[in-house]
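Asker: Next up is a structure, given as structure tokens.
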Amino acid sequence: MARILIVDDAKFMRLTLSNILQKGEHHVVGEAENGTQAVEMFEAEQPDLVTMDITMPELNGLDAMKKILSNNPKAKIVMCSAMGQQKMVVEAIEAGAKDFIVKPFDESRVLEAINRVLG
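When the letters of the sequence shown are read in order and numbered with this note's numbering, they come out as residues 26 to 144.
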């Protein structure tokens, strides 16, 4: 059972993802609503994987991911993007994201991506 940190500024999205992950028998160790919180919670929880929204207040997902990876090069981060954010997704993958999932979330696609990244 993987320990997963969910990062999204929308509570509804965090809830949706949390439900999908729990159905897939993963354990949600925390939820962050911005990049600053995400970095702090990653350090505190050391999760196996992070789902990271790209567009957030304070510190966006791309910058939060870079901060996490600079301290934890082996961190596994899956970006969450809305349609039309392809450029950001490409940038995220180049910067170290392991995969991405697109909103609105498709349960089987989410679990497939998470399980693949977890190996």
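Ideal Cβ positions, reconstructed from N, Cα and C, are used throughout, including at glycine.
Taking the beta strand (DSSP E) that residue 78 belongs to, which residues open and close that run?
Answerer: From DSSP, the beta strand (DSSP E) with residue 78 extends over 74–78.
Asker: Take residue 85 and list the residues in its own chain whose beta-carbon comes closer than 7 angstroms to its own, dropping the five residues that flank it on each side.
Answerer: The answer, listed in chain order, is 60 and 79.
Asker: Going residue by residue through the stretch 33–69, where are the continuous beta strand (DSSP E) segments of at least 3 residues, counting only ones entirely within it?
Answerer: Runs of the beta strand (DSSP E) inside the stretch 33–69: 52–57.
Asker: Does the stretch 49–56 touch the stretch 95–112, meaning 3 or more C-beta pairs lie closer than 8 angstroms?
Answerer: Not touching, per the Cβ criterion.
Asker: Using only alpha-carbon positions, find the residue among 95, 107 and 45 that is nearest to residue 34.
Answerer: Nearest of 95, 107 and 45 to residue 34, Cα basis: 107.
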